[in-house]
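Residue numbers (the numbering used here): 4 to 486.
Note that the Cβ used here is the ideal one computed from N, Cα and C, for glycine as well.
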Amino acid sequence: MSESEKVEIYDVTPRDGAQGAGINFILDDTIKIIKSDDERGIHGVEAGFPGSNNDHNAVFEALRNEKLEFVSYAAFGMTRRKGKSVEHDEGLQTLLDSCAPWVTIVGKSSRMHIEQVLKTTTDTNRAMIEESLEYLRKSGKFSRVLYDAEHFFDGFADDPTLALSTLEAAVKGGADTLVLCDTNGGSFPEEITRAVTEVRKAFGHILLGIHVHNDGDMATANTLAAVEAGARHVQGTWNGYGERAGNADLFSVIPNLKRRGYEVPDTSNFTAFSREIDEMARQPRFHRRSFVGKYAFAHKGGMHVAALNRHRRAYEFIDPNTVGNESSIVGSKLSGIGNVVNIVTHAQAIDEETRERILNDKSLQNKILRAMEDHDSNGAAVEAAPATLELLALRAIDAFKPKITEVKNPTVHDELGGLTEATIKVLINGCEEPQHIVAEGDGQIDALSKALLKAMRSQYPKLAEFRLTDYEVHKLPGPGGTG
């Protein structure tokens, strides 16, 4: 593969991703992300902003003792401050002390930001960029010096000559990578293409990069547009975490680059890694996330499922296995016979004899389909509960043989400010003597769950490992939603 088809991936999750509202990576999480990047063949990772806070300082201290095989970690910082020399700028000194192999410096590209935010002149801004990069380059401490051109696309739209002059200052200072940033996330792909094309004409000998935010929901499209126009360094975050609406999501960007024929890191375990990132960020899963979401390859409509049963590409644009995901067929009132066949074929609760009987009998399939439709119409959405669907199918054809029989309705006793007590009386596997079980829990569902597991544990020892991790209550509209 030619060099022109290789794209360098640079993960900014530890710094930029952590700036998203509600995101807080502890030290162990950040190190785990960096080590995971190393294992996955990611080229660079922005480990943090040393000197900005104690947490980021701790990351660089910890990295001194880590042996990374592939990824290079970068220290992020700003140009020298206005009115200070590079030798006396504390931020630059902290970067020199970080022991990071790479360094990334951010500077202003927009007249508005230079004059209204920095409160300085364009000449001074260019000097700040050039002198800072030259100082870091000449230190000999960094194998790579990257320049993040903040607000570049907004600045280029307002004053192309000024925006390009800031890049010229960065190149004079010794930057080996120019990263063009859509910091406000409002650019369109054609604007990205136009600007990157002009930058490439002016600085064709320098590696160009792209860093975009997702405020206009264009982050993936804008990243791809930049690469098509000549950028070969791509920045983003895992799961798209970042300020406001987030950054370009590497779980979408990398597979799409692969589809376009570029050489990128392996994607085969992306789905599991996406779950790990959510867990480290203490964030709920977004099941509709492209490529790696639970529903990314889930099929519900009867016509779609019927077509999929004939050809896997009928409603799937890639093989889910290429990103570590899988197809799933869900059942609902929108289902057709194809959904029933697929659910029964893969059901774990249906024995082989019953399975064959259903698959060879259209009348049984129709009974199951009607039961699914009725269940869904009554407000019980079970499409995300495959085991419940399997039991529903068995009930529909009178093949359900319960292992547990209630002798009397369970009772629950709530004490204000205390634990909830649940009492159940059940027969397990047809035993003559019912079990009378009392259990305490944090709320009614937890107490009932513990009581039932306690009753079944003697005959099903593996249930000792089961825990209720979460449950969800959906309020129904109208008077039925409050009872």
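Using a Cβ-Cβ cut-off of 7 Å (strictly less than) and excluding sequence neighbours within five positions of residue i, which residues of its own chain qualify?
i      : result
Asn272 : Gly327
Thr270 : Ile257, Pro258, Lys261, Thr325, Val326
Thr223 : Ala251, Asp252, Ser255, Val256, Asn259
Ser170 : Position check: residue 170 holds Leu in this sequence, whereas Ser was assumed. These residues qualify, in order along the chain: Ala152, Leu181, Val202, Phe206.
With which residues is residue i paired in a DSSP beta bridge?
i      : result
Tyr520 : For residue 520 there is no data in the structure shown, the boundaries of the chain being 4 and 486.
Ile440 : Ile427
Ser331 : Ala301
Ile407 : Ile431
Asn250 : His216
Glu356 : Partner(s): none; Glu356 has no beta bridge.
Glu266 : Lys9
Asp58  : None; Asp58 has no bridge partner.
Asp417 : Thr423
Under a three-way DSSP split, which group does residue i fall into?
i      : result
Glu435 : coil
Asn259 : helix
Asn412 : strand
Ile213 : strand
Asp19  : coil
Asn27  : coil
Ile346 : helix
Glu231 : helix
Glu282 : helix
Glu468 : helix
Leu455 : helix
Met221 : coil
Gly446 : coil
Gly243 : helix
Ile37  : helix
Ile400 : coil
Asp393 : Reading the sequence as shown, one finds Glu at residue 393 and not Asp. The answer is helix: DSSP assigns Glu393 an H, G or I state.
Glu319 : coil
Arg288 : coil
Asp473 : coil
Asn324 : helix
Gly486 : Here the model assigns Gly486 a pLDDT of 40, short of 50, so the residue's position is not dependable and the matter cannot be decided.
Gln3   : For the chain, the structure presents residues 4 to 486; residue 3 sits outside this window and is missing.
Gln462 : coil
Quick one: what's got a C-beta closer than 8 Å to residue i's C-beta in the same chain, skipping five residues either side?
i      : result
Lys122 : Lys85
Ser39  : Phe276, Glu279
Lys141 : Gly177
Ile209 : Val174, Ala178, Asp179, Thr180, Leu181
Arg398 : Ala374
Leu66  : Ile34, Ile37, Ala50, Tyr76, Cys102, Ala103
Gln22  : Gly245, Glu246
Ile45  : Ile12, Tyr13, Asp14, Phe73, Val74, Pro268
Which residues in the same chain as residue i place their Cβ atom closer than 6 Å to its Cβ, once the five residues preceding and following it in sequence are excluded?
i      : result
His439 : Lys428
Ile195 : Asn225, Ala228, Ala229
Tyr298 : His290, Arg291
Cβ of residue i within 6 Å of any heavy atom in the ligand SAH?
i      : result
Glu118 : Questions concerning the ligand SAH fall outside what the structure shown contains, since it holds no ligand whatsoever.
Beta strand (DSSP E) segments (min. 3 residues) lying fully within the stretch 60-127: 75-81, 105-111
Mind the definition here: the stretch 226-239 touches the stretch 287-296 only if three or more C-beta pairs lie below 8 Å; say whether that holds. no
Can we say the stretch 420-432 touches the stretch 388-395, given the rule of at least three CB pairs closer than 8 Å? no
Would you call the stretch 72-85 in contact with the stretch 277-287, where contact means no fewer than 3 C-beta pairs closer than 8 Å? no
Do the stretch 140-151 and the stretch 90-104 make contact, defined as three or more Cβ pairs closer than 8 Å? yes
Runs of alpha helix (DSSP H) lying entirely within the stretch 127-210, each at least 4 residues, in chain order: 155-161, 163-176, 192-205
Pairs of beta-carbons, one from the stretch 112-119 and one from the stretch 38-58, closer than 8 Å: are there three or more? no
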